[in-house]
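Just so we're aligned, residue 250 is where the sequence shown starts under the working numbering, counting upward by one.
Everything below concerns the one structure shown next.
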Amino acid sequence: MPYADLRAYQNRLDEICGLQWSVSYLPWGERIICHLTINGVTRSSTGESEGGGNAGTSAEAQSFKRACAMFGLGRYLYELPNVWVEFEASKKSISDKGKAELNQRYAAWYDKQLKRLAAEQAKEPTHDE
């Protein structure tokens, strides 16, 4: 699944909602529950540690992103195709070649989706008719 940084979600909420959103967290066993409130409506989800040294941070980010998805934010990421690319294990990151391949494949996917949406909109009657 494609990755989006927690701050990308926070920035989007700031852009769209301004100060009309808040978040709180509660521990729940080995998990964390995130309560995300937007314009007075609260939706919640859980997150768990993916291991490693940042277990709490990982669980917090996962629960926040899942709570955001309850509002539709970032949900499109689940529709993106899975792509396997070259990975540099020593750096624990995608190689430059892999990044280029990801960019090319996702650009092609987005282009296809935009063309599909444009075709669908062209078929819909306008309000002027």
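Cβ coordinates follow ideal geometry from the N, Cα and C atoms, glycine included.
If you check the CB distance, I282 and S293 come in under 9 Å. Beta-carbon to beta-carbon, G321 and Q311 are separated by about 18 Å, too far to satisfy the 8 Å threshold. A distance below 9 Å separates the beta carbons of V332 and R354. Ranked by how close their Cα comes to the Cα of N260, the residues G323, N352, A338 have G323 in first place.
A direct Cα-to-Cα measurement between G278 and S271 gives close to 23 Å. Taking each of E369, T286, Y359 in turn and checking the Cα distance to L326, the smallest one comes out for Y359. Residues of the same chain with a CB within less than 6 Å of the CB of T286, apart from the 5 flanking positions on each side, are S271 in chain order. Across the set T306, A371, H284, A356, the C-alpha of A356 shows the shortest separation from the C-alpha of L329. Look at W358 here: in three-state DSSP terms it is helix.
When secondary structure is reduced to three states using DSSP, S273 falls in the strand class. Approximately 22 Å separates the beta-carbon atoms of L255 and K340; this is outside 8 Å, ruling out the contact. A buried status is given to Y258, since no fewer than 16 other beta-carbon atoms sit within 10 Å of its beta-carbon.
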